[in-house]
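Numbering (the working numbering), first residue to last: 300 to 503.
Yeah, the Cβ is synthetic: ideal placement off N, Cα and C, and Gly gets one too.
As the structure is a prediction and not an experimental result, all values here were calculated from the model.
Presented below is the structure to which this report refers.
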């Protein structure tokens, strides 16, 4: 159990670092993060606060679609994620604003790798998934769509909202969408082996 908690905490820390780097690149964020940035700019709230509010709204929507009680643990997770995103953006990277395309691109790529690693780490804990991931399952279950179609639908929904709220949509949004899953897929089996061996040296 201690290992699971450690993986979960470390995963969220690394995941949110990746989110912050992607946002700071100013080249476009993932659909849900782009929405949070847009809401932050419009309403004067922090990005982390908007992530939390969106997460709570999705928890309610998911519970309606799945006809189940809201996931309380998921609310705790999204609260921590929101707080950590604000920590990175407002404390660590407060004065970091890359202006050259090269530095922006490096920041974006670093963010994608870091975010993917963070997701792969926290998945090892086997705790409830984020409300954003649960939405895909909820759409799949309620409407009988394939998981791939459900994923596209949920991401498309977020992208439309991000556009309406003047969110951080750009070429980075497309790059994150196309590559994040590949990064997670690369790291996941290696971390799974590490978890299974109880922090013994993983076989590459």
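What does the alpha-carbon distance come out to for the pair residue i and residue j?
{"i": "residue 502", "j": "residue 338", "result": "Low confidence applies to residue 502: its pLDDT is 44, below 50, so where it sits in the model is not reliable enough to give any reading."}
{"i": "residue 434", "j": "residue 408", "result": "26 Å"}
{"i": "residue 319", "j": "residue 382", "result": "12 Å"}
{"i": "residue 387", "j": "residue 393", "result": "8 Å"}
{"i": "residue 438", "j": "residue 389", "result": "34 Å"}
{"i": "residue 458", "j": "residue 432", "result": "15 Å"}
{"i": "residue 405", "j": "residue 476", "result": "17 Å"}
{"i": "residue 384", "j": "residue 448", "result": "29 Å"}
{"i": "residue 347", "j": "residue 444", "result": "31 Å"}
{"i": "residue 422", "j": "residue 453", "result": "20 Å"}
{"i": "residue 315", "j": "residue 334", "result": "16 Å"}
{"i": "residue 313", "j": "residue 322", "result": "14 Å"}
{"i": "residue 329", "j": "residue 350", "result": "12 Å"}
{"i": "residue 402", "j": "residue 396", "result": "9 Å"}
{"i": "residue 308", "j": "residue 360", "result": "26 Å"}
{"i": "residue 424", "j": "residue 489", "result": "14 Å"}
{"i": "residue 495", "j": "residue 464", "result": "43 Å"}
{"i": "residue 471", "j": "residue 487", "result": "23 Å"}
{"i": "residue 331", "j": "residue 356", "result": "13 Å"}
{"i": "residue 370", "j": "residue 427", "result": "8 Å"}
{"i": "residue 436", "j": "residue 362", "result": "11 Å"}
{"i": "residue 367", "j": "residue 398", "result": "46 Å"}
{"i": "residue 478", "j": "residue 415", "result": "9 Å"}
{"i": "residue 354", "j": "residue 493", "result": "30 Å"}
My assumption, with CB atoms under 8 Å, is that residue i sits in contact with residue j. Please give the rounded CB distance.
{"i": "residue 474", "j": "residue 411", "result": "7 Å"}
{"i": "residue 352", "j": "residue 430", "result": "So it is not a contact: roughly 11 Å between Cβ atoms."}
{"i": "residue 417", "j": "residue 343", "result": "With a Cβ gap of about 28 Å, residue 417 and residue 343 do not count as contacting."}
{"i": "residue 336", "j": "residue 455", "result": "Residue 336 to residue 455, Cβ: 18 Å. No contact."}
{"i": "residue 379", "j": "residue 419", "result": "So it is not a contact: roughly 18 Å between Cβ atoms."}
{"i": "residue 461", "j": "residue 451", "result": "Actually they do not touch by this definition, with Cβ atoms about 15 Å apart."}
{"i": "residue 440", "j": "residue 372", "result": "With 8 Å as the limit, residue 440 and residue 372 do not qualify as a contact, their Cβ atoms being about 19 Å apart."}
List the endpoints of the continuous alpha helix (DSSP H) containing residue i.
{"i": "residue 332", "result": "330-342"}
{"i": "residue 319", "result": "301-324"}
{"i": "residue 352", "result": "346-365"}
{"i": "residue 386", "result": "371-386"}
{"i": "residue 392", "result": "Taken as a continuous stretch (DSSP letters only), residue 392 belongs to no alpha helix (DSSP H), as it is neither H nor E."}
{"i": "residue 484", "result": "470-495"}
For a cutoff of 7 Å on Cβ pairs, would you count residue i as touching chain C?
{"i": "residue 302", "result": "Looking for chain C here will not work: only one protein chain is present."}
Unbroken stretches of the alpha helix (DSSP H), 4 residues or longer, contained in the stretch 396-457: 400-422, 430-442
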